[in-house]
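**Student:**
Numbering (the numbering used here), first residue to last: 10 to 283.
1) Could you spell out where the beta strand (DSSP E) holding residue 85 opens and where it closes?
2) Taking the alpha-carbon positions, what's the residue 76 to residue 147 distance?
3) In whole angstroms, give me the CA-to-CA distance for residue 17 and residue 11.
4) Would a C-beta distance cut-off of 7 Å place residue 236 and residue 63 closer than the cut-off?
5) Should the stretch 183-201 be regarded as contacting the stretch 163-170, the criterion being three or more beta carbon pairs within less than 8 Å?
6) Please go through the same chain and pick out, in chain order, the residues whose beta-carbon is closer than 8 Å to the beta-carbon of residue 96, but skip the five residues on each side of it.
7) Quick one: Cα of residue 189 to Cα of residue 257, how far?
8) Specify the secondary structure class of residue 99 as computed by DSSP and reduced to three states.
9) Might you give, ordered along the chain, the residues of its own chain that have their beta carbon closer than 8 Å to the beta carbon of residue 260, omitting 5 neighbours on each side?
10) Go ahead and pull the three-state DSSP assignment for residue 138.
11) Just to confirm before moving on: does the CB-CB distance between residue 58 and residue 74 stay below 7 Å?
12) Using 7 Å as the threshold, is the C-beta distance between residue 272 and residue 178 below it?
13) Looking only at DSSP bridge pairs, what is residue 191 linked to?
14) Which residue's Cα is closest to the Cα of residue 53: 61, 126, 88?
15) Using C-beta distances below 6 Å, list every residue in its chain close to residue 268, excluding the 5 sequence neighbours before and after it, in chain order.
16) Between the Cα of residue 275 and those of 212, 231, 158, 175, spot the shortest distance and give me the residue it belongs to.
17) May I ask whether a heavy atom of the ligand COA can be found less than 6 Å away from the beta carbon of residue 28?
18) Where do the ends of the alpha helix (DSSP H) carrying residue 277 lie?
19) Would a C-beta distance cut-off of 7 Å place residue 9 and residue 171 closer than the cut-off?
20) Name the two residues that bound the continuous alpha helix (DSSP H) containing residue 180.
Below, the structure written as structure tokens:
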């Protein structure tokens, strides 16, 4: 007989607990080119995704595929080095499965990071944008299908999908350190194509500041599960009708690496203050 979602989550959580022991209440999902935050973690344990029961395996360059446990900013955390994307062929339940497992392990605060293309005219390549809200343009919602009340309500509100408390904390840290920190709305699309100039214009007109191929499904599930969420994007390229550069995955990774120190500083200080 096929296992239920709850059974799969519990089986995976039990394996992780057995291997690692103490569980944190804070988790970080590291996106494209942002794996270097790991160098700031005093690692106490790490698990390869391929060894974790029921976990998908990341197939993208720049995503290494490890679940890491250790101290960041003096606080015990869990970090996903590499995430799963809808464009890789996973369904939304697989993409968001790690967030379900985090909740089962006791995580109540989730930090998500990504690389994104900017269409806000104020943005520069290498800027760091705090996500204040999102627009979901994925063709499927991760909560589609029968709802299990043990995981969350049937119709969860998304009024404050990104925590105002955590956004204010990031702003305070940035102001104290003289960091240029942008704010904006993240548009989530399925990919894997980069956007056409007309699509960039369309996303800007409907209220988007940056666009990417991840994050939104994880944030929806985290909110469904009652977690507090903070999201941040590195602006790795710019798009629109007046911009002719063609983004490549290599350029995106390079720009993400350039912005890493700012992103790392803000997330490390925030985690330390929780």
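Even for Gly, the Cβ is constructed at its ideal location relative to N, Cα and C. Predicted, not measured: the structure shown is a model, and the values here were computed from it.
**Tutor:** In this structure, then:
1) Here the question's residue 85 lines up with position 76 in the chain shown. Secondary structure note for residue 85: its beta strand (DSSP E) is the uninterrupted segment 84-90.
2) For the purposes of this step, residue 76 is taken as residue 67 along the chain shown, with counting starting at 1. For the purposes of this step, residue 147 is taken as residue 138 along the chain shown, with counting starting at 1. Distance between the alpha carbons of residue 76 and residue 147 is about 26 Å.
3) Taking the first residue of the chain shown as position 1, residue 17 is located at position 8. Taking the first residue of the chain shown as position 1, residue 11 is located at position 2. If I take the Cα positions, the gap works out to 10 Å.
4) Against the chain shown, residue 236 aligns to sequence position 227. Against the chain shown, residue 63 aligns to sequence position 54. Taking 7 Å as the Cβ cut-off, residue 236 and residue 63 do not qualify as a contacting pair.
5) Contact between the stretch 183-201 and the stretch 163-170 is absent, because fewer than three Cβ pairs lie under 8 Å.
6) In the chain shown, residue 96 corresponds to position 87, counting from 1. Within the same chain, residue 96 has close Cβ partners 199, 200, 201, 222.
7) Within the chain shown, residue 189 is the residue found at index 180, counting from 1. Within the chain shown, residue 257 is the residue found at index 248, counting from 1. In a straight line, the C-alpha of residue 189 is about 25 Å away from that of residue 257.
8) The residue you call residue 99 lines up with position 90 of the chain shown. Coil, per DSSP.
9) Your numbering for residue 260 matches position 251 in the chain shown. If we look at residue 260 and ignore the five residues flanking it on each side, its Cβ neighbours are 245, 246.
10) In the chain shown, the residue the question calls residue 138 occupies position 129. If DSSP states are grouped into helix, strand and coil, residue 138 belongs with the strands.
11) For the purposes of this step, residue 58 is taken as residue 49 along the chain shown, with counting starting at 1. For the purposes of this step, residue 74 is taken as residue 65 along the chain shown, with counting starting at 1. Contact flag set, yes.
12) Taking the first residue of the chain shown as 1, we reach residue 272 at position 263. Taking the first residue of the chain shown as 1, we reach residue 178 at position 169. No; because the gap between Cβ atoms is not below 7 Å, this pair is not in contact.
13) For the purposes of this step, residue 191 is taken as residue 182 along the chain shown, with counting starting at 1. DSSP output for residue 191 lists 138 as bridge partner(s).
14) Position 44 of the chain shown, counted from the start, is the residue given in the question as residue 53. Nearest C-alpha to residue 53: 88.
15) Taking the chain shown and counting its residues from 1, the one referred to as residue 268 is at position 259. Same-chain partners within the cutoff: 135, 137, 243.
16) What you label residue 275 is simply residue 266 of the chain shown in a count that begins at 1. With distances taken between Cα atoms, residue 275 lies closest to 175.
17) What this structure holds is no ligand at all, so the ligand COA is not there to describe.
18) Reading the chain shown from its first residue, position 268 is the one you call residue 277. Start and end: 258-282.
19) The requested residue 9 does not occur in the structure, where the chain is confined to residues 10 to 283.
20) Working through the chain shown from its first residue, we reach residue 180 at position 171. Residues 173-186.
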